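Sequential numbering from 398 applies to the sequence shown in the working numbering. Quick reminder that beta carbons are idealized off the backbone N, C-alpha and C, glycines included. Just so we're clear, the structure is a prediction, and the values are computed from it rather than from any experiment. Inspection log for the structure reproduced underneath, given as structure tokens.
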Amino acid sequence: MYWEVGKYINTTILGNGRAAYGKKILPELAAKLSWSHIIELIPLKTNEERMYYANEAVTRNYGTKELRRQISRKAFERCEIANSQLTEESMIPFNVFKDPYMLDILNLKENFHEGDLEKAILVELEAFFLEFGRGFSFVERQK
């Protein structure tokens with residue numbers, strides 16, 4: 398294994414040459430290998446779960462912090478629940494929605510009113526949209 402890692406560093410990073418003094422090979426290598434992402438995926442229970450988060454990390458360009466956040470918020474499990482409610486004939490594609498949506502990001506107290514929810518959404522608009530997934534856009538309507 399160590400030989401393979403060394404060979405990879407020599408051929409890919411160094412181009413079969415010697416490193417220049419102060420080139421900072423390790424930070425560059427860490428960025429290319431994304432070890433921190435792999436460490437987050439190893440403890441997951443199933444290969445299906447690992448592949449879901451790995452694909453999400455690659456597709457959505459998640460950093461390690463965001464990957465941890467998605468795992469802790471159980472994005473895979475919530476997506477599976479939403480998918481179980483769909484059929485092959487459904488107009489809604491699989492892996493688009495999560496169920497349930499967790500609005501703890503809004504920091505609302507128990508037994509909140511609709512007005513409290515509306516104010517909290519406006520204050521935390523970006524976090525609210527990110528709970529639904531990536532790719533949403535907020536466009537202000539002209540009056």
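Asked	Found
The segment 430–449 / the segment 406–415 touching (three or more Cβ pairs under 8 Å)	no
Burial state of LYS453, where buried means 16 or more other Cβ atoms lie within 10 Å	The question names Lys, but residue 453 in the sequence shown is Glu. The residue in question, GLU453, is buried, as its Cβ has 16 or more Cβ neighbours within 10 Å.
ILE439 versus GLU474: straight-line alpha-carbon distance, rounded	17 Å
Nearest-angstrom Cα separation, counted from PHE525 out to SER431	28 Å
Pairwise C-alpha distance: ILE468 and ASN444	14 Å
Rounded distance between the beta-carbons of ALA517 and ASN504, thought under 8 Å	7 Å
Whole alpha helix (DSSP H) elements within the segment 411–485, 4-residue minimum	422–430, 432–438, 444–456, 461–469, 472–481
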